[in-house]
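For what it's worth, numbering that gives the first Met the number 0 labels the leading residue of the sequence shown as 0, then goes sequentially. Quick reminder that beta carbons are idealized off the backbone N, C-alpha and C, glycines included. Data first, discussion second: the structure below is written as structure tokens.
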Amino acid sequence: MKIILIIPDGVVVRNYLYSDFVNELTQRGFEIYVFHQIPNAAIAEIKLVTQSIKEFNFIPYFTEPSSARIIREVLVYARLLINKRKLKNETILYFWSRNQKGFKRKFLLNLSEFLGYFVSKSYQSILFLEKKYDNLMLKTTVAKELSKEIDRIQPDLVLNLHQRSMTSAPIINYSKSKGIKTATVIYSWDNVPKARLISSYDSYYVWSELMKNELDLLYPEINRSQIKVVGTPQFEFYFDKKLHQTKAEFFEKYNLDVNKKTICFSSNDTSSPYDPNYLEDLCEAISKVDAAVRPQILFRINPFDKSGRFTSILEQYKNLIFVVNPDWRTETEGDANFINIFPSYNDISLLVNTVLHSDVVVNLGSTMAHDFAVLNKPCLYFNYDPEVNSKLPVRDVYQFQHFRSMNSLEAVGWINTKLEIAAKILNALAAPNQTGKDRTKWMELIVNHPLNENSKNLANELEKTCTSV
Numbered sequence: 000m001k002i003i004l005i006i007p008d009g010v011v012v013r014n015y016l017y018s019d020f021v022n023e024l025t026q027r028g029f030e031i032y033v034f035h036q037i038p039n040a041a042i043a044e045i046k047l048v049t050q051s052i053k054e055f056n057f058i059p060y061f062t063e064p065s066s067a068r069i070i071r072e073v074l075v076y077a078r079l080l081i082n083k084r085k086l087k088n089e090t091i092l093y094f095w096s097r098n099q100k101g102f103k104r105k106f107l108l109n110l111s112e113f114l115g116y117f118v119s120k121s122y123q124s125i126l127f128l129e130k131k132y133d134n135l136m137l138k139t140t141v142a143k144e145l146s147k148e149i150d151r152i153q154p155d156l157v158l159n160l161h162q163r164s165m166t167s168a169p170i171i172n173y174s175k176s177k178g179i180k181t182a183t184v185i186y187s188w189d190n191v192p193k194a195r196l197i198s199s200y201d202s203y204y205v206w207s208e209l210m211k212n213e214l215d216l217l218y219p220e221i222n223r224s225q226i227k228v229v230g231t232p233q234f235e236f237y238f239d240k241k242l243h244q245t246k247a248e249f250f251e252k253y254n255l256d257v258n259k260k261t262i263c264f265s266s267n268d269t270s271s272p273y274d275p276n277y278l279e280d281l282c283e284a285i286s287k288v289d290a291a292v293r294p295q296i297l298f299r300i301n302p303f304d305k306s307g308r309f310t311s312i313l314e315q316y317k318n319l320i321f322v323v324n325p326d327w328r329t330e331t332e333g334d335a336n337f338i339n340i341f342p343s344y345n346d347i348s349l350l351v352n353t354v355l356h357s358d359v360v361v362n363l364g365s366t367m368a369h370d371f372a373v374l375n376k377p378c379l380y381f382n383y384d385p386e387v388n389s390k391l392p393v394r395d396v397y398q399f400q401h402f403r404s405m406n407s408l409e410a411v412g413w414i415n416t417k418l419e420i421a422a423k424i425l426n427a428l429a430a431p432n433q434t435g436k437d438r439t440k441w442m443e444l445i446v447n448h449p450l451n452e453n454s455k456n457l458a459n460e461l462e463k464t465c466t467s468v
């Protein structure tokens with residue numbers, strides 16, 4: 000059996016190419032071909048981890064045809080409007096980027112909003128435009144170039160490992176035109192309501208029954224039998240003892256004190272504008288705790304954040320906060336855009352040991368809550384606005400659809416004012432099972448369990464898909 004894996008960017012590399020997923024495919028007799036837009040340095044790193052990939056084929060950079068771009072933006076806005084109505088959630092429209100610079104970009108978005116409003120009134124119009132988009136992408140030069148490689152390989156299945164990427168569209172649509180089976184994973188727990196499912200597929204692989212129901216509701220054209228619950232491989236690393244360092248070894252490297260409790264502060268990317276405010280509030284509160292019981296802070300920045308917005312805080316509180324930077328790399332210095340940045344394999348060890356040896360994680364709605372829950376450790380979410388007239392009101396953040404999965408569960412603890420930071424954290428450190436006591440139940444709802452078998456689950460389903468008539 001031959002399978003093409005589409006890797007549109009470096010984000011996918013960690014979860015799928017560094018996990019057991021490739022080995023699981025190999026054990027089932029798959030020949031693996033990767034179509035990608037990642038730099039050569041990332042490929043070299045992947046080859047250090049696995050030798051099981053038969054070929055790497057570069058997807059040429061291309062510009063989406065103007066007509067296709069307009070249709071795609073119209074479809075996104077139309078689907079967001081529909082999703083808002085179906086889910087009864089106004090915050091769905093947060094995922095429509097209105098604050099754009101440049102006349103052309105603003106004009107495109109205004110036009111997309113105008114047309115998308117009317118398209119949203121008819122679901123058949125959405126399906127018609129999606130087929131139109133597919134046909135336009137099939138006629139692109141890049142589709143013709145890649146078709147030669149696909150014809151040469153003659154794959155049994157093409158699997159897209161990030162459903163939102165426009166880069167995958169020419170490959171998927173050509174494969175469908177040739178009767179080749181196609182599939183996609185839903186990359187992250189919050190992706191389905193964001194209307195970023197670029198193409199249609201024969202099979203959809205999702206994290207959980209919750210996600211399956213969400214996809215079924217928002218994409219009625221997809222037959223429920225096409226949606227398979229397989230989980231995600233990204234939490235398997237926590238069970239790999241080879242990645243574990245001793246606390247003494249890890250802390251010595253980053254100048255942390257093994258005798259102190261440790262708070263992990265994990266930041267979001269720059270779309271979360273108040274993370275420096277929260278870090279400063281945290282440092283101020285903890286610095287006032289009696290020195291005999293004062294915890295230390297381990298700071299892990301989002302790998303895409305090159306803004307320098309935390310620099311002054313880190314300097315001011317350098318005796319309290321210790322930086323463990325993620326090991327994400329680029330081929331060219333300073334070229335840290337979404338496509339060219341990729342994680343080293345070493346970063347997995349950094350992340351695993353950060354979670355393993357920290358006692359609590361504190362942030363604004365970060366998915367690091369899940370990583371800590373894997374090891375049954377508490378998370379505290381900031382739940383107040385650090386500025387009056389906030390650009391991103393915290394009350395809206397926790398109304399995002401993916402947080403509704405908590406329902407009535409006490410999945411995390413909540414820091415509702417700046418004044419209660421120290422008390423809430425000290426309570427979580429003293430009695431970790433009393434903060435977010437339902438975190439394990441939340442994880443079981445979000446991700447298929449057992450967590451260390453999800454690579455195997457996905458490989459099994461791919462094998463079934465390839466061998467079915």
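Report all residues from its chain with a CB closer than 8 Å to the CB of residue i; omit the five preceding and five following residues, and keep chain order.
{"i": "residue 214", "result": "185, 191, 203, 205, 221, 226"}
{"i": "residue 154", "result": "1, 2, 3, 32, 174, 179"}
{"i": "residue 36", "result": "6, 7, 8, 57, 58, 60, 166, 338"}
{"i": "residue 457", "result": "20, 23, 184, 204, 229, 230, 232"}
So residue i is in the alpha helix (DSSP H); what residue range does that whole segment cover?
{"i": "residue 424", "result": "420-429"}
{"i": "residue 398", "result": "Looking at the DSSP string, residue 398 is not in any alpha helix (DSSP H), and its letter there is neither H nor E."}
{"i": "residue 379", "result": "Counting along the chain, residue 379 falls outside any alpha helix (DSSP H), though it belongs to the beta strand (DSSP E) covering 378-381."}
{"i": "residue 69", "result": "65-86"}
{"i": "residue 360", "result": "Residue 360 -> not in any alpha helix (DSSP H); beta strand (DSSP E) instead, spanning 359-362."}
{"i": "residue 441", "result": "438-445"}
{"i": "residue 320", "result": "Where residue 320 is concerned, there is no enclosing alpha helix (DSSP H), although the beta strand (DSSP E) it sits in stretches over 320-322."}
{"i": "residue 116", "result": "102-118"}
{"i": "residue 152", "result": "140-152"}
Among residues of its own chain, excluding the 5 on either side of residue i, which ones have a beta-carbon nearer than 6 Å to its beta-carbon?
{"i": "residue 75", "result": "194"}
{"i": "residue 13", "result": "342"}
{"i": "residue 386", "result": "none"}
{"i": "residue 356", "result": "246, 249"}
Run the CB neighbour count on residue i, radius 10 Å, all protein chains shown included, and call it buried at 16 or more, exposed below.
{"i": "residue 479", "result": "Any answer about residue 479 is impossible in this case: the structure gives the chain only from 0 up to 468."}
{"i": "residue 178", "result": "exposed"}
{"i": "residue 422", "result": "exposed"}
{"i": "residue 294", "result": "buried"}
{"i": "residue 150", "result": "exposed"}
{"i": "residue 390", "result": "exposed"}
{"i": "residue 123", "result": "exposed"}
{"i": "residue 250", "result": "buried"}
{"i": "residue 394", "result": "exposed"}
{"i": "residue 438", "result": "buried"}
{"i": "residue 350", "result": "buried"}
{"i": "residue 269", "result": "exposed"}
{"i": "residue 412", "result": "buried"}
{"i": "residue 257", "result": "exposed"}
{"i": "residue 121", "result": "exposed"}
For the beta strand (DSSP E) containing residue i, name the first residue and the last one.
{"i": "residue 32", "result": "30-35"}
{"i": "residue 54", "result": "52-57"}
{"i": "residue 236", "result": "From DSSP, residue 236 is part of no beta strand (DSSP E); its letter is neither H nor E."}
{"i": "residue 6", "result": "1-6"}
{"i": "residue 264", "result": "261-265"}
{"i": "residue 296", "result": "295-299"}
{"i": "residue 182", "result": "180-184"}
{"i": "residue 412", "result": "412-414"}
{"i": "residue 203", "result": "202-205"}
{"i": "residue 354", "result": "Unbroken run through residue 354 is the alpha helix (DSSP H), 344-356; no beta strand (DSSP E)."}
{"i": "residue 156", "result": "156-159"}
With residue i and residue j assumed to form a contact (beta carbons below 8 Å), what rounded beta-carbon distance in angstroms separates them?
{"i": "residue 453", "j": "residue 230", "result": "3 Å"}
{"i": "residue 340", "j": "residue 303", "result": "7 Å"}
{"i": "residue 267", "j": "residue 363", "result": "6 Å"}
{"i": "residue 415", "j": "residue 382", "result": "5 Å"}
{"i": "residue 132", "j": "residue 170", "result": "Wrong, their Cβ atoms sit about 14 Å apart, outside the cutoff."}
{"i": "residue 435", "j": "residue 409", "result": "6 Å"}
{"i": "residue 398", "j": "residue 90", "result": "5 Å"}
Taking only heavy atoms of the ligand MN into account, decide whether any of them is closer than 7 Å to the Cβ of residue i.
{"i": "residue 405", "result": "Here there are no bound small molecules, and the ligand MN is not part of this structure."}
Figure out for me which residue from the options has the closest Cα to the Cα of residue i.
{"i": "residue 370", "options": "393, 264, 188, 237", "result": "237"}
{"i": "residue 44", "options": "455, 384, 426, 346", "result": "346"}
{"i": "residue 241", "options": "344, 73, 11, 30", "result": "344"}
{"i": "residue 380", "options": "367, 374, 373, 121", "result": "367"}
{"i": "residue 11", "options": "42, 465, 271, 446", "result": "42"}
{"i": "residue 418", "options": "284, 102, 239", "result": "284"}
{"i": "residue 156", "options": "198, 218, 29", "result": "29"}
Leaving out five residues before and five after residue i in sequence, what residues of the same chain have Cβ atoms less than 7 Å from its Cβ?
{"i": "residue 312", "result": "275, 278, 279, 282"}
{"i": "residue 64", "result": "135, 139"}
{"i": "residue 208", "result": "228"}
{"i": "residue 152", "result": "1, 3, 32"}
{"i": "residue 67", "result": "132, 135, 136"}
{"i": "residue 126", "result": "220"}
{"i": "residue 51", "result": "21, 22, 25, 31"}
{"i": "residue 118", "result": "73, 77, 124, 125, 128"}
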